[in-house]
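Structure, as C-alpha cells:
2 protein chains.
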Amino acid sequence: MNKSLRPADPEMIAADLALAIHEHRLAPGTKLSEDEVAEIYGVSRTQIRAALQKLAHDRLVELKRNRGAYVAQPSVREAREVFEARALLEPRTARSAAERITDDDLAALQRHIDEEHAAIREGEAGRALYLSGQFHLEIARIADQATIAEFITQLVARSSLIIALYWQRRGALCESHAHHALMRAFAARDGVLAEDLMRGHLLDLVSSLDLRNRSSAPASLREALSG
Amino acid sequence: MNKSLRPADPEMIAADLALAIHEHRLAPGTKLSEDEVAEIYGVSRTQIRAALQKLAHDRLVELKRNRGAYVAQPSVREAREVFEARALLEPRTARSAAERITDDDLAALQRHIDEEHAAIREGEAGRALYLSGQFHLEIARIADQATIAEFITQLVARSSLIIALYWQRRGALCESHAHHALMRAFAARDGVLAEDLMRGHLLDLVSSLDLRNRSSAPASLREALSG
DNA sequence: TAAAACAGGATTGTATACGATTGTGTCGAC
DNA sequence: GTCGACACAATCGTATACAATCCTGTTTTA
C-alpha cells in the first residue's frame, strides 16, 4: 500500500484504503486482516479497527464477526439499488449545479476532465475510474449540497466495486463523452439539459453492466464452475 | 437510559442511543461522556467508542477530538440540506411503494398509524415522533429499496434532531393527516398520487420549521441570552 | 485590578494483553 | 476408505493500563 505518505490517524487510513478500493488496487473479496493492515500503516490494531468500521459503514468492506474484514462484493441486487439511488439524487443535483455554477467551478470541472483524459491516455484505468467518480462528486459540491454530496460519495465508491464485478464493455470512452456533454450543459447554464444528460449517463452506466442474476456471494467461483 | 434490557454489543448500544435521540430523551448538545455511558451499559469504554463512532457517522453525534461526543446540533444549513435530500428520495420511493404494495404491507402500515395515534393520545410526544419517522422508513422498505431505506433511516433520525431544534408549531396533528392521506393513496395503488402527497408532506414539514438564520453552534444558549 | 502563565484534574487517544470464537488439519472409528 | 470428533493455530472481541490533550481554577506579575 501507500507506505510513502504514512497516514497517522484512522480517518486517513480509511481514506487511503477507500482510495485503493476505488482505484481497483484492492479487489472485491480481498481479506483485510487487522494485524496485516496494522503493520503496513505502522499503527496498532485499534486504529485499523476504527478505519475498517468506517469503511464497513460505507459498505466498502464487509465485517464478518470473528472472521475479519473483506472488501465488499455487492450483489446484483445491491448494484441495482445503488444506481436506483443515484438516479434519484444525481440528475436533480446536476440541474441545481448548472443553475448556480460559477466560472471558477467550470474551470475546475474542466481540469478534472483533463486529468481524467490524461489518466486514460497513460493506461491508468483505476485512476481514471476514480477521477470519473470525482467528477460526479464535484457536481454535488457545486450544487452546494453537502449532505447529498456525502451520499453520492458513498454511492460512487460502491459503484466502483460494482464496476469491478460486473463491467462488461471494453472501452471506457463512453464515460468521457457523457462527461463532455455535461460540461457543455453546465457551460450553457442549462439545468434541464444537465438533468437529462445525467439521467441518461446513469442509465448508460447501468446498461454497461452485466446484471443477470447469479448467486451473489461467491460470484466469480460459482460462475466459473457452472459452465 | 434503558437499563432494563441491557444491550451487550456496540451495535445494540448505538441503536439504543439512537432511539433515545430520536425520541427526544437526549437533547441536542448533550455530552455523552465515555465513562458515564460505559457505566450505564455495564461495558467497557471500547464498546462505547465503537457505538459513538457509528452514531457520529450517521451525524447523530458530533465527535470533538480530545473533547468528547455530543448529541449533534444540526445547523440551519444542514436542516435545509436534509430535507432537500429527503425531497429527492422519498416521493419517488413512495411512488414505487404504492405500485408494488401488498395487502400485508397495507395492514402493517395501518398498524403503524394506529400505534402513532395511540402514542399521541397518551401524550408520548417523543414516541409519536419516532413512530412517525418509522412510517417513512416503512415506505422505503415496501418499495424494496434497502439502500435508499438506509439513507432515509439516517435522514429521518437527523430530522428528529432538526425538529427538536427548530420546530415552531404547536400541534403535531398535521403529521397524521398527511400520513392518513398517504395511506389512502397506497390502498388505491395510486403511485402518482402517493408521490405528490409525499412531496407535499415534506414541504409542509419544512415550512413548520423556523429556519431563519441564526448562529448555529451555541443555538439554545446564544438564543436564550440575546433577548 | 486585570491579564497572563501555570498547575491540577478530568477526559479522551492509543497500545497491549488476554479471552473467545472460528477454521483447519489430523487422528481414530466404523 | 470415508465420515466424524478432537485439538491446534490463527484471528477477532474486549478490557485495562498508560500517555497525551484539554479545561478550570489559582497564582503571579505588570
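Going down the list, the protein sequences come from chains A and B. Residues 1 to 227, numbered by UniProt numbering, are exactly what the first sequence covers, in order. Residues 1 to 227, numbered by UniProt numbering, are exactly what the second sequence covers, in order. Idealized CB from N, CA, C, for every residue including glycine. These numbers were taken from a predicted model, which means no experiment stands behind them.
Which word fits residue i, buried or exposed, when buried means at least 16 other C-beta atoms lie within 10 angstroms of its C-beta?
| i | result |
| --- | --- |
| A/Ala69 | buried |
| A/Asp58 | buried |
| B/Ser207 | exposed |
| B/His177 | exposed |
| B/Ser33 | exposed |
| B/Gln145 | buried |
| B/His180 | exposed |
| B/Ser44 | exposed |
| A/Lys54 | buried |
| B/Gly133 | buried |
| B/Arg127 | buried |
| A/Ala125 | exposed |
With a threshold of 9 Å between beta-carbons, can residue i be considered close to chain A, or not?
| i | result |
| --- | --- |
| B/Glu39 | no |
Can the beta-carbon of residue i be found less than 9 Å from the beta-carbon of residue j?
| i | j | result |
| --- | --- | --- |
| A/Ser160 | A/Ile21 | yes |
| A/Glu90 | A/Leu202 | yes |
| B/Ile74 | B/Gln47 | Inspection of the sequence shows that residue 74 of chain B is occupied by Pro rather than by Ile. Taking 9 Å as the Cβ cut-off, B/Pro74 and B/Gln47 do not qualify as a contacting pair. |
| residue 257 of chain B | B/Arg212 | No information on residue 257 of chain B is available, as it lies outside the stretch 1 to 227 that chain B covers here. |
| B/Gly191 | B/Ala94 | yes |
| A/Ala18 | A/Leu52 | no |
| A/Leu88 | B/Ile148 | yes |
| A/Tyr166 | A/Val76 | yes |
| A/Phe151 | A/Leu109 | no |
| A/Leu131 | A/His112 | yes |
| B/Leu155 | B/Ala50 | no |
| A/Met198 | A/Leu182 | yes |
| A/Ala97 | A/Ile142 | yes |
| B/Ala27 | B/Val71 | yes |
Closer than 8 Å by beta-carbon distance: list the chain A residues that pair up with residue i, in chain order.
| i | result |
| --- | --- |
| B/Glu84 | Gln145, Thr147 and Ile148 |
Given that residue i touches chain A, what residues does it touch there, using C-beta distances under 7 Å?
| i | result |
| --- | --- |
| B/Ile53 | According to the sequence as given, residue 53 of chain B is Gln; it is not Ile. Going along chain A in sequence order, the residues near B/Gln53 (Cβ under 7 Å) are Ala50 and Gln53. |
Check whether the Cβ of residue i lies closer than 9 Å to any Cβ atom in chain B.
| i | result |
| --- | --- |
| A/Phe186 | no |
| A/Glu81 | yes |
| A/His201 | no |
| A/Phe135 | no |
Can you pull the chain B residues whose beta carbon is under 8 Å from the beta carbon of residue i, in chain order?
| i | result |
| --- | --- |
| A/Leu88 | Leu88, Leu89, Arg92, Thr93 and Ile148 |
Look up residue i in the DSSP assignment and say whether it is helix, strand or coil.
| i | result |
| --- | --- |
| B/Glu124 | coil |
| A/Val43 | coil |
| B/Ala97 | helix |
| B/Glu62 | strand |
| B/Gly68 | strand |
| A/Leu193 | helix |
| B/Leu161 | helix |
Under 9 Å between beta-carbons, which chain B residues line up against residue i? List them in chain order, please.
| i | result |
| --- | --- |
| A/Glu78 | Ala146 and Thr147 |
Which chain B residues sit within Cβ distance under 7 Å of residue i?
| i | result |
| --- | --- |
| A/His57 | Lys54 and His57 |
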